[in-house]
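Here's the structure, in structure tokens; my notes come after.
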Amino acid sequence: MPTSELLYRKDAYARMTEAEVLAQTDQGGIVLDRTLFYATGGGQPGDSGKLLWAEGQCSIATTAKGEAGAVVLVPEEGSALPPVGATVTQVLDWDRRYGHMRVHTALHLLSVVIPLEVTGGSISDGKGRLDFNMPEAPEDKQALQDQLQALIDRDLEVTEDWISDAELDANPQLVKTMSVSPPRGAGQVRLVRIGTEEEQIDLQPCGGTHVRRTREIGKIRLGKVEKKGKQNRRVYLHLEG
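Take a look at the structure:
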């Protein structure tokens, strides 16, 4: 199956652009030569939106990973499909994606104020959660929320860097999430940094989309803390507006 150029990696804020239809899958999915749409992975949902072309349009319900690293746009049931070779305009459901970017970046900072092993995570509309190797519940959840909000309000820069697979293997402490493999491919791993190299708040492998500065996250609230097994606690985070 042909692979797509990942435009969201170059600019997570791009909302609309043209592309060519490379293929249709047996299940009715669409593969483009370049995609703004993020495919489900790393706890972040696949993007939704629309495709427009000369003869029609279709709504994209979600985006998934296909064979050999292909990105497959999944149309809503019963939608017309653009023909292979057609030029289409991709239109991202920006409000939904931007919410995912805000939550995803906030979860990176949550792993800073709770410096424990992360065993899982998930992002959804306006909220997210991380599972920690945390035998006892936090004594003061409000203090953690205040710490997290203080980091957000510092308006820290969020940037990316790339290292080789070998460098990652030599620095296993970079991998915080035990349940999700770092996004490897083509011999390189993408690192997301919060803060500067001189004053680094967080650095970890991640293939998802993030805001450029932490102040964009806005106000957050820590929700319930659930016990998930003997060693695990699930901590929920909500965007407040």
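Our numbering puts the first residue of the sequence shown at -7, with every later residue one more than the last. Ideal placement from N, C-alpha and C gives every residue a C-beta, glycine not left out. This one's a predicted model, so the numbers in the text were calculated from it and none came from an experiment.
In this structure, what does DSSP give as the bridge partners for residue i?
{"i": "C198", "result": "Paired residue(s): none; C198 is not in a bridge."}
{"i": "T32", "result": "Paired residue(s): none; T32 is not in a bridge."}
{"i": "R182", "result": "W154"}
{"i": "Q16", "result": "I22"}
{"i": "K119", "result": "S116, H230"}
{"i": "K57", "result": "V63"}
{"i": "E10", "result": "T81"}
I'd like the list of long-range same chain contacts for residue i, defined as Cβ closer than 7 Å, with 5 residues on each side in sequence excluded.
{"i": "Q49", "result": "K42, L43"}
{"i": "A62", "result": "M(-7), P(-6), T(-5), S(-4), V23"}
{"i": "K219", "result": "R225"}
{"i": "V153", "result": "Inspection of the sequence shows that residue 153 is occupied by Asp rather than by Val. Excluding positions up to five away in sequence, the list reads L183, R185."}
Assuming residue i is part of the alpha helix (DSSP H), what are its boundary residues?
{"i": "G91", "result": "86 to 105"}
{"i": "I144", "result": "133 to 145"}
{"i": "Y0", "result": "-1 to 2"}
Closest to residue i by C-alpha separation, out of the options, would be which residue?
{"i": "L65", "options": "Q36, Q196, Q19", "result": "Q19"}
{"i": "V110", "options": "L231, H230, Q223, Q139", "result": "Q223"}
{"i": "G77", "options": "A11, V150, R213, L195", "result": "A11"}
{"i": "L99", "options": "I186, K2, E190", "result": "I186"}
{"i": "P67", "options": "A6, D39, A46, Y90", "result": "D39"}
{"i": "V184", "options": "V150, K57, K220, G120", "result": "V150"}
{"i": "A236", "options": "L101, Y90, Q16, K119", "result": "Outside the shown range of the chain (-7 to 233) lies residue 236, about which nothing can therefore be said."}
{"i": "E59", "options": "G21, R121, L143", "result": "G21"}
{"i": "D3", "options": "S51, Y90, A53", "result": "Y90"}
{"i": "M8", "options": "A53, I193, R1, D85", "result": "D85"}
{"i": "K133", "options": "R213, L231, A46", "result": "R213"}
{"i": "G215", "options": "E69, G120, G70", "result": "G120"}
{"i": "L140", "options": "V13, G210, R1, A46", "result": "G210"}
{"i": "D123", "options": "L14, G233, V227, V13", "result": "V227"}
Keeping to the same chain, check which residues put their C-beta closer than 6 Å to that of residue i; ignore five residues upstream and five downstream.
{"i": "D145", "result": "none"}
{"i": "H92", "result": "Q36, I115"}
{"i": "G200", "result": "G34, Q36, H96"}
{"i": "M126", "result": "L108, R225"}
Hey, quick one: how far does the beta strand (DSSP E) through residue i stretch, first residue to last?
{"i": "K42", "result": "41 to 45"}
{"i": "K216", "result": "212 to 219"}
Here's a check: name, in chain order, each residue in its chain whose Cβ is nearer than 8 Å to the Cβ of residue i, leaving out the five neighbours to either side.
{"i": "T55", "result": "T27, F29, Y30, A31, T32, G38, D39, S40, V63, V64, L65, V66"}
{"i": "T188", "result": "E149"}
{"i": "G118", "result": "G91, V95, H230, L231"}
{"i": "I193", "result": "L101, V104, L143, L148, I186, G187"}
{"i": "A129", "result": "V217, K219, R225"}
How about residue i: is its C-beta nearer than 7 Å to some C-beta of chain C?
{"i": "L28", "result": "This model lacks chain C altogether, as it is built from one protein chain only."}
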